[in-house]
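Asker:
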Amino acid sequence: MKLAVFSTKQYTKYFMDEANKHYKHSITYFEPRLTEETVGLAAGFEAICPFVNDKLNGQVLDKLADNGTRLIALRSAGFNNVDVERAIDRGMTIARVPAYSPNSVAEHTIALIMTLNRKVCRAFTRVREGNFALDGLLGFDVFTKTVGIVGTGKIGALVAKILLGFGCEVIAHDMNINQELADMGVQYESMDDLFARSDIITLHCPLTRNTYHMINPDTLARMKDGVMLINTSRGALIDTSAVIESLKSGKLGYLGLDVYEEEENLFFEDLSNQVIQDDVFARLLWFPNVIVTGHLAFFTINALRNISETTLENVSCYERRGTCANLVTMDLIRKQPMPVG
Ligand code: NAD
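Using my numbering, the letters of the sequence shown map in sequence onto residues 612 to 952.
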């Protein structure tokens, strides 16, 4: 099938080409993000393959449909960047990669917790400059700390299991209780109790209308003083201006982000020779107790192999049968209220 891949990086092409030795689709790679300005590139491609920061709004979807696109093969699990209702109305099929390596994201979450706590980045920089002083590098034992996990789906469940291994008290909030976790000692709590009791809070729920800015001035006020907040899920779960105020007041003791609500104009690009125009983001980088990574929690060899395999399998299935196992349907949307953005 003729497939247009957007937001292509060298690693995208490498892993897609590897997987395509088996599937033999006709793939054209485009570096730009898919937006209103670039949608013309998709003309004549029955299938397109976007990534997380490609913008499939009504205008883009109308243009795609008019130009003959029938399949949107997302190479991500999340679909908050797609107006699903419009795509389906316009007769397009949407497929995704529901799970490619939840371990990759869970392990990166732990990396953020430990790097923030033990100040690994600051310590490394100091040692390179011949500064071996320890002042300002004091950490705490994670053992016996209370960790609150918001969303115990595939990733949140793995984070819970790893932290149980650290000897943490793990509490969670999710409308679906994971019985295996409950049997292992994870306590399910209301969101209010989770915010009030946790020393570390980590977000693993999807971005929906209900979860947009779930971390805001009101919920921050209900947290413990000096709490650590981690977000490897989606940027807009957090009201960034509110967390900046909490960092300035000391209410928030540590912040670890792999995602940012305005990341689409920043992440995945080398902007090292440019002046960052996003003042809110720039402010975040100046706190000594904040770590930001550029949406790379998923970025392991295992995950990239699985993403490429499943994406091309979805395309092949659609080509053979007009459908596939990993569809984004209105049923899925009804179960998860309409995603934002
Ligand atoms: P999942 O669907 O397996 O789990 C999500 C869980 O969140 C479900 O159990 C659901 O019931 C729960 N949930 C929904 N709304 C909630 C709410 N209001 N409060 C508490 N829980 C709620 O998803 P997953 O595979 O574990 O992924 C979690 C998120 O991680 C995804 O939505 C995606 O945004 C993000 N993600 C990030 C990266 C990255 O590279 N940073 C990679 C993959 C996924």
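The C-beta atom is built at its ideal place from N, Cα and C for all residues, glycine as well.
Since the structure is predicted, the reported quantities are computational estimates derived from the model, not experimental observations.
If you check the beta carbons only, do Val-761 and His-815 fall under 8 Å apart?
Answerer: Translated into the one-based positions of the sequence shown, residue 761 becomes position 150. Translated into the one-based positions of the sequence shown, residue 815 becomes position 204. Yes, these two residues count as a Cβ contact at 8 Å.
Asker: Tell me whether the beta-carbon of Lys-685 lies closer than 8 Å to the beta-carbon of Phe-656.
Answerer: The residue labelled residue 685 in the question sits at position 74 within the sequence shown. The residue labelled residue 656 in the question sits at position 45 within the sequence shown. The question names Lys, but residue 685 is Leu in the sequence shown. Result no, Cβ atoms of Leu-685 and Phe-656 do not sit closer than 8 Å.
Asker: Write down the C-beta distance between Leu-645 and Pro-661 rounded to the nearest angstrom, noting that I regard them as a contact closer than 8 Å.
Answerer: Residue mapping note: residue 645 aligns to position 34 of the sequence shown, counting from 1. Residue mapping note: residue 661 aligns to position 50 of the sequence shown, counting from 1. Sure, about 5 Å apart at Cβ, within 8 Å.
Asker: Gly-952 to Ala-847, Cα distance in whole Å?
Answerer: Locating residue 952 in the sequence shown gives position 341, where the first residue counts as 1. Locating residue 847 in the sequence shown gives position 236, where the first residue counts as 1. Here the model assigns Gly-952 a pLDDT of 33, short of 50, so the residue's position is not dependable, and the following value carries that caveat. So the alpha carbons of these two residues sit roughly 9 Å apart.
Asker: Roughly how many angstroms lie between the CA atoms of Glu-780 and His-636, to the nearest whole one?
Answerer: Locating residue 780 in the sequence shown gives position 169, where the first residue counts as 1. Locating residue 636 in the sequence shown gives position 25, where the first residue counts as 1. The alpha-carbon atoms of Glu-780 and His-636 are separated by roughly 49 Å.
Asker: Verify whether the separation of the beta carbon atoms of Phe-806 and Arg-845 is less than 8 Å.
Answerer: For the purposes of this step, residue 806 is identified with residue 195 of the sequence shown, where counting begins at 1. For the purposes of this step, residue 845 is identified with residue 234 of the sequence shown, where counting begins at 1. Result no, Cβ atoms of Phe-806 and Arg-845 do not sit closer than 8 Å.
Asker: Is the beta carbon of Arg-707 sitting closer than 8 Å to the one on Asn-937?
Answerer: As a position in the sequence shown, residue 707 is number 96, starting the count at 1. As a position in the sequence shown, residue 937 is number 326, starting the count at 1. Closer than 8 Å, so yes.
Asker: Any heavy atom of ligand 1 closer than 7 Å to the CB of Gly-767?
Answerer: Sequence index remark: in the sequence shown, residue 767 carries index 156 (1-based). Flag set: Cβ of Gly-767 near ligand 1.
Asker: Hey, is Leu-818 close to ligand 1, as in C-beta under 7 Å from one of its heavy atoms?
Answerer: Reading the sequence shown from its first residue, position 207 is the one you call residue 818. Yes, the Cβ of Leu-818 comes within 7 Å of a heavy atom of ligand 1.
Asker: Just to confirm the assignment, what range does the beta strand (DSSP E) spanning Cys-660 have?
Answerer: Counted from its first residue, the sequence shown places residue 660 at position 49. Cys-660 -> beta strand (DSSP E) spans 658-660.
Asker: Which residue spans inside the region 752-810 form an unbroken beta strand (DSSP E) run of at least 3?
Answerer: Entirely contained in the region 752-810, the beta strand (DSSP E) runs reaching 3 residues are, in chain order, 757-761, 780-784.
Asker: Expressed to the nearest angstrom, what Euclidean distance is found between the alpha-carbon atoms of Thr-940 and Leu-667?
Answerer: On the sequence shown, residue 940 is found 329 positions in, with the first residue counted as 1. On the sequence shown, residue 667 is found 56 positions in, with the first residue counted as 1. When rounded, the distance between both Cα atoms is 16 Å.
Asker: On the three-state DSSP scale, how would you describe Ala-717?
Answerer: Translated into positions along the sequence shown, residue 717 becomes position 106. The answer is helix: DSSP assigns Ala-717 an H, G or I state.
Asker: Am I right that Leu-929 and Leu-682 are in contact with their C-beta atoms under 8 Å? What's the rounded C-beta distance?
Answerer: Residue mapping note: residue 929 aligns to position 318 of the sequence shown, counting from 1. Residue mapping note: residue 682 aligns to position 71 of the sequence shown, counting from 1. For clarity, residue 929 is Tyr in the given sequence; the question names Leu instead. So it is a contact: roughly 5 Å between Cβ atoms.
Asker: Lys-613 bridges to which residues according to DSSP?
Answerer: Numbered from 1 along the sequence shown, position 2 holds the residue referred to as residue 613. Ser-637, per the DSSP bridge assignment.
Asker: Does Val-886 come within less than 8 Å of chain C when only Cβ atoms are used?
Answerer: Protein chains in the displayed structure number just one, and chain C is not present.
Asker: In three-state DSSP terms, what is Ile-944?
Answerer: Your numbering for residue 944 matches position 333 in the sequence shown. Helix at Ile-944.
Asker: Taking the alpha helix (DSSP H) that Tyr-929 falls in, what are its first and last residues?
Answerer: In the sequence shown, residue 929 corresponds to position 318, counting from 1. Residues 912-932.
Asker: Would you list the one or two residues that DSSP bridges to Gly-905?
Answerer: Mapped onto the sequence shown, residue 905 falls at position 294. Paired residues: none, contrary to the question.
Asker: So for Ile-887, helix, strand or coil by DSSP?
Answerer: One-based indexing of the sequence shown puts residue 887 at position 276. Three-state DSSP puts Ile-887 in coil, outside helix and strand.
Asker: Using the rule of at least 16 other Cβ atoms within 10 Å of the residue's Cβ for burial, across every protein chain shown, is Pro-950 buried or exposed?
Answerer: Taking the first residue of the sequence shown as position 1, residue 950 is located at position 339. Legend: pLDDT at Pro-950 = 46, less than 50; position of this residue unreliable, no value from coordinates given.
Asker: Using the Cβ count rule (16 or more neighbours within 10 Å means buried), how would you classify His-633?
Answerer: As a working mapping, residue 633 is identified with position 22 in the sequence shown. That one is exposed.
Asker: I need the boundaries of the beta strand (DSSP E) containing Leu-840, first residue and last residue.
Answerer: As a first step, residue 840 is located in the sequence shown; it is residue number 229 there, counting from the start. Counting along the chain, the beta strand (DSSP E) containing Leu-840 begins and ends at 838-842.
Asker: Since Ala-865 and Leu-749 should fall inside the 8 Å C-beta cutoff, what is the C-beta to C-beta distance between them, to a whole number of angstroms?
Answerer: Position 254 of the sequence shown, counted from the first residue, corresponds to residue 865. Position 138 of the sequence shown, counted from the first residue, corresponds to residue 749. It is worth fixing the name first, because residue 865 is Tyr in this sequence and not Ala. That belief does not hold up - the Cβ atoms of Tyr-865 and Leu-749 are roughly 12 Å apart, past 8 Å.
Asker: Please name the residue, chosen from Leu-858, Phe-777, Thr-763, Ser-919, that lies closest to Ile-788 on a Cα-to-Cα basis.
Answerer: Along the sequence shown, read from residue 1 onward, the residue named residue 788 stands at position 177. For the residues Leu-858, Phe-777, Thr-763, Ser-919, the minimum Cα distance to Ile-788 belongs to Thr-763.
Asker: What does the Cβ neighbour count give for Thr-921, buried or exposed, with the cut at 16 atoms within 10 Å?
Answerer: Translated into positions along the sequence shown, residue 921 becomes position 310. Buried, by the Cβ-count rule.
Asker: Which same chain residues end up closer than 6 Å to Tyr-958 when comparing Cβ atoms and leaving out the 5 residues on each side of it in sequence?
Answerer: Residue 958 cannot be examined here, being either before or after the span of the chain that is shown, 612 to 952.
Asker: Looking at C-alpha atoms only, which residue of Thr-819, Phe-641, Thr-843, Asp-850 is the closest neighbour of Thr-830?
Answerer: In the sequence shown, the residue the question calls residue 830 occupies position 219. Residue Asp-850 is the option with its Cα nearest to Thr-830.
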